[in-house]
Amino acid sequence: MPPDAERDAIVSMLAARPEAEYQLARKPERLAAILARTRQNGYGENFRGWRQEEKIASIAVPVCSQQRVIGCLNLVYIASAMTIEQAAQKHLPALQRVARQIEARMEDEEVWYEMP
Numbered sequence: 015m016p017p018d019a020e021r022d023a024i025v026s027m028l029a030a031r032p033e034a035e036y037q038l039a040r041k042p043e044r045l046a047a048i049l050a051r052t053r054q055n056g057y058g059e060n061f062r063g064w065r066q067e068e069k070i071a072s073i074a075v076p077v078c079s080q081q082r083v084i085g086c087l088n089l090v091y092i093a094s095a096m097t098i099e100q101a102a103q104k105h106l107p108a109l110q111r112v113a114r115q116i117e118a119r120m121e122d123e124e125v126w127y128e129m130p
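Following this note's numbering, the numbering of the sequence shown begins with 15 at its first residue and continues without gaps.
And the structure:
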């Protein structure tokens, strides 16, 4: 399945769930804007966006296998400690470096993931 089709299938599955935490999947324009910003920045972010954990923030980078995202490596922190921009400035290079090391190790060990 091509990455866009795979993403669309996941978003459709999440949009069908009634819980509040899946409401973003029902807002395609907002989701598209977040995905565009994430791609432009090279990392994902969440600043006090979790309803049950409003004091938490995070940044995340993708971990890829065969040019497909298979997971993320993230840093979760207390939001009052720093802004997203400060977190990215201080910690993004290390997160990206470790994600690339994981990817290289998977390639060296021929760890592949079959995508449905």
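From the three backbone atoms N, C-alpha and C, an ideal C-beta is built for every residue, glycine too.
No experiment lies behind these values; they were computed from the predicted model shown.
8 angstroms contact criterion, which Tyr57 and Ala29 should meet: CB distance rounded: Indexing the sequence shown from 1 puts residue 57 at position 43. Indexing the sequence shown from 1 puts residue 29 at position 15. Not really, about 24 angstroms apart at Cβ, beyond 8 angstroms.
Leu109 classed as buried or exposed, judged by whether at least 16 other C-beta atoms fall within 10 angstroms: In the sequence shown, the residue the question calls residue 109 occupies position 95. Around the beta carbon of Leu109, 16 or more other beta carbons sit within 10 angstroms, so the residue counts as buried.
Leu28 - containing alpha helix (DSSP H), residue span: Taking the sequence shown and counting its residues from 1, the one referred to as residue 28 is at position 14. Run containing Leu28: 17-29, per the alpha helix (DSSP H) assignment.
According to DSSP, residues forming a beta bridge with Asn55: As a working mapping, residue 55 is identified with position 41 in the sequence shown. DSSP links Asn55 through a beta bridge to no other residue.
For Ala74: DSSP bridge partner residues: Looking up residue 74 in the sequence shown gives position 60. Beta-bridge pairing links Ala74 to Gly58, Asn88.
Val112, DSSP secondary structure in three states: Working through the sequence shown from its first residue, we reach residue 112 at position 98. The answer is helix: DSSP assigns Val112 an H, G or I state.
Short Cβ contact (9 angstroms threshold) for Ala93 with Arg51: Counted from its first residue, the sequence shown places residue 93 at position 79. Counted from its first residue, the sequence shown places residue 51 at position 37. Cβ distance not < 9 angstroms, so Ala93 and Arg51 don't count as in contact.
Buried or exposed by the 16-neighbour rule on C-beta atoms within 10 Å, applied to Ser26: The sequence position of residue 26 within the sequence shown is 12, counting from 1. Residue environment analysis places Ser26 among the exposed positions, since fewer than 16 neighbouring C-beta atoms fall within 10 angstroms of its C-beta.
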